Structure formats: C-alpha cells, structure tokens
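Accompanying notes for the structure given below.
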Amino acid sequence: MSPLKSALAVGVALVLAACTTTKPVSPAKNQNKQYLTKVPRAVPKMPYFPRYLEPGQRTVEDVLFDYGPYVRNQLLPEFAKAGLSYPPREITLLALKREKRLELWARNDGPFRHVRDYDIQAASGVKGPKLRQGDRQVPEGIYQIVSFNPNSNYHLSMKLNYPNEFDLYHAQLEGRSNPGSDIFIHGRAVSIGCLAMGDEAIEQLFVLAAHTGRENIRVVIAPNDPRELPLNPDDPDLPEWTPELYATIEQAVQELGPPVTVSAKASYLPQNKGRRQ
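Numbering (my numbering), first residue to last: 32 to 308.
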C-alpha cells in the first residue's frame with residue numbers, strides 16, 4: 032500500500048473512532064453543571080380518583096365492586112377454618128338480643144358450622160316480639176332477607192320480611208292493624224327496632240349475603256341464647272302465643288348444633304349515625 036493510501040486509512044479510522052466513542056465531558060469546561068446531573072423525568076402516573084356516584088344512585092353491583100374483594104379476603108380464612116368453601120350454599124344468622132351477638136352459621140353439603148360472631152352495636156326494645164308500629168321492638172322469630180339497600184343512611188342495609196306470616200296471623204287475630212314494618216340489619220350504631228351492626232360488619236354481611244343469595248339465608252332472632260338459658264314465655268307482659276313462637280325459635284337454634292365455646296368474635300367501633308334505613 033502506498034504511503035498516501037496508508038495515511039488515508041489511518042485518518043478514516045480515527046474519524047470512525049471519534050463517532051463511536053463517548054468522550055468524557057469535563058465539568059470544568061461545562062458552564063451548566065446542573066445539566067450534567069439532571070435525570071430525565073419519568074412519565075407521571077395518573078392519579079386514582081374514587082368513583083363518584085350521585086346520592087341514591089349506588090347499586091348492589093357497585094357495593095360488590097367496592098367491597099367485594101376486600102371482604103372475600105377477610106372471610107376466606109374464616110370459612111376455611113370452619114371447613115367450608117366460600118360462598119356457602121346456605122347461611123343462618125342467629126341474633127341474640129340479650130347477649131347482643133350475631134352468630135354466622137353456614138353449610139355446604141353437610142351440617143351447619145359456626146364461622147364467626149359479630150357484636151350487635153345497638154338493638155332497641157326489650158324481651159318479647161314486636162307487636163305494633165312505633166313500639167321500638169326488635170322482632171323475634173324466623174325471617175328472611177327480602178331486599179338489599181346499597182343507599183341506606185345507615186351505610187348499607189338488608190331488609191327482613193317482618194311481619195312474616197306468623198306475625199300477620201296473630202296481629203289479625205288480636206285486631207292489630209299496624210304491626211309495623213321496615214326492619215333491617217344495617218350499619219352504624221343506632222337502632223329503632225333494627226339490628227345495628229356497625230359499618231365494617233355490615234360490609235361483610237352485605238357482601239356475603241349477596242354472594243350467597245338472599246333466598247339461601249335464614250335470620251333467627253331470639254330474646255336470649257336458648258342453649259345457655261331456656262326461653263321463658265311465662266312473662267305476663269308477653270302475648271299468649273309466645274310459647275309457640277319460642278318453641279319454634281328453640282328448634283331452629285338446635286338445628287345449628289351445640290353451643291359455641293370458642294368464638295371468633297370481632298368487635299367493631301360504632302361510626303356515623305343516620306336516619307333512613
């Protein structure tokens with residue numbers, strides 16, 4: 032190769048090396064040191080905004096969307112500990128007025144099993160069935176859930192079928208034209224004839240009931256725990272048909288199984304109050 036061609040080859044190599052090699056920049060020669068250390072901005076994440084729903088526009092599906100995954104994660108271990116799958120095939124809610132306790136019982140294909148307890152935050156009235164509108168009594172008997180209210184002023188609520196056929200029959204016999212209505216299991220901690228469970232508890236119960244199906248749920252309300260103390264219908268202030276009612280309640284409780292000795296009870300603090308169920 033001639034000297035001229037050799038010189039040209041060396042020159043081309045030097046140019047290529049200069050284009051492909053990163054040359055260190057001396058801070059002393061750079062008049063903007065901040066530019067050297069500036070990190071390119073990451074693309075900002077879009078902030079999360081909770082869904083806004085107009086008052087009265089929330090649906091049961093909205094409640095399941097908002098609370099369903101959280102409640103499921105809470106209840107799965109409880110059901111697994113009881114040897115049950117979630118959701119179960121059937122549920123019985125046993126409300127004990129004197130003890131202010133609501134027991135959750137469930138079953139799949141076998142017998143009922145105790146899952147956990149909830150504290151009843153408030154339940155107005157005294158021992159005895161509800162007889163008329165305005166007596167502030169929590170009913171006693173065996174009921175079903177007939178509807179869900181996702182827009183309750185008591186956070187969430189589930190309406191019971193009070194008065195049931197038994198209640199209506201005896202009201203008619205006694206000439207009581209207005210035995211009352213609008214009995215709910217709801218949130219918050221105030222009660223006018225209803226079972227107030229607190230907000231966190233009603234979220235669990237509402238989601239569980241929706242997952243199970245209200246037609247598969249029975250609600251038993253007793254004046255006290257008949258497994259610990261037999262129901263006494265001899266109080267002179269009670270109606271003459273109370274022995275029949277209490278016998279029915281005792282039979283329903285016996286079907287659940289023996290008394291629970293170790294409870295998975297969780298207490299919930301009362302929260303905001305409201306008026307409309």
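Note that beta-carbon positions come from the ideal geometry of N, C-alpha and C, so glycine has one too. In this text the structure is predicted, and so the values were computed from the model without any measurement.
6 angstroms CB neighbourhood of residue i in its chain, flanking five on each side removed
i, result
"asparagine 104", "none"
"leucine 269", "Gly159"
"glutamine 203", "none"
"alanine 253", "Leu127, Ile280"
"proline 257", "Glu281, Val284"
"lysine 190", "Val177, Ser178, Phe215"
"leucine 125", "Glu134, Val251"
"glutamine 175", "Asn192"
"asparagine 18", "Residue 18 lies beyond the range of the chain shown here (32 to 308); nothing can be said about it."
"arginine 132", "Asp148"
"proline 194", "Pro210"
"valine 94", "Pro181"
Residue range of the unbroken beta strand (DSSP E) whose run includes residue i
i, result
"aspartate 265", "Here aspartate 265 belongs to no beta strand (DSSP E), and DSSP marks it neither H nor E."
"tyrosine 149", "144 to 150"
"isoleucine 252", "248 to 253"
"tyrosine 174", "172 to 174"
Span of the alpha helix (DSSP H), counted from its first residue to its last, around residue i
i, result
"lysine 112", "91 to 112"
"leucine 204", "196 to 204"
"tyrosine 277", "273 to 285"
Own chain, CB closer than 7 angstroms to residue i, minus 5 neighbours either side, in chain order
i, result
"leucine 106", "Tyr117, Gln235, Leu239"
"proline 71", "In this predicted model, proline 71 has a pLDDT of only 45, less than 50, meaning its place in the structure is not dependable; the value taken from the coordinates is given anyway. Taken in chain order, the list of residues that qualify is empty."
"asparagine 272", "With the sequence shown as reference, residue 272 is identified as tryptophan, and asparagine is not the correct amino acid for it. Within the same chain, tryptophan 272 has close Cβ partners His201."
"asparagine 139", "Leu115, Ser116, Pro119, Arg120"
"asparagine 247", "Arg120, Glu121, Ile122"
"serine 222", "Ala153, Ala154, Ser155"
Bridge-paired residues (DSSP) for residue i
i, result
"alanine 227", "Ala153, His217"
"isoleucine 122", "Ala137, Ile248"
"lysine 190", "Ser178, Phe215"
"arginine 132", "Leu127, Asp150"
Integer Cβ distance of residue i from residue j, believed to fall under 8 angstroms
i, j, result
"isoleucine 122", "alanine 137", "5 angstroms"
"serine 178", "arginine 167", "Actually they are not in contact, since the Cβ atoms of serine 178 and arginine 167 sit about 22 angstroms apart, beyond 8 angstroms."
"glycine 229", "alanine 220", "6 angstroms"
"phenylalanine 197", "glycine 172", "6 angstroms"
"leucine 262", "tyrosine 277", "4 angstroms"
"histidine 145", "glutamate 134", "6 angstroms"
"leucine 226", "valine 157", "Leucine 226 to valine 157, Cβ: 15 angstroms. No contact."
"asparagine 182", "arginine 89", "5 angstroms"
"glycine 141", "tyrosine 185", "The Cβ separation is near 35 angstroms, so there is no contact."
"proline 274", "proline 267", "That belief does not hold up - the Cβ atoms of proline 274 and proline 267 are roughly 13 angstroms apart, past 8 angstroms."
Closer than 8 angstroms to chain D by CB, residue i
i, result
"isoleucine 252", "The chain inventory of the structure shown lacks chain D, comprising one protein chain alone."
Sequence-distant residues of its chain with Cβ nearer than 8 angstroms to residue i (five each side left out)
i, result
"asparagine 209", "Arg163, Gln164"
"phenylalanine 110", "Ser116, Tyr117, Pro119, Ala137, Val146"
"valine 102", "Glu234, Gln235, Val238, Leu239"
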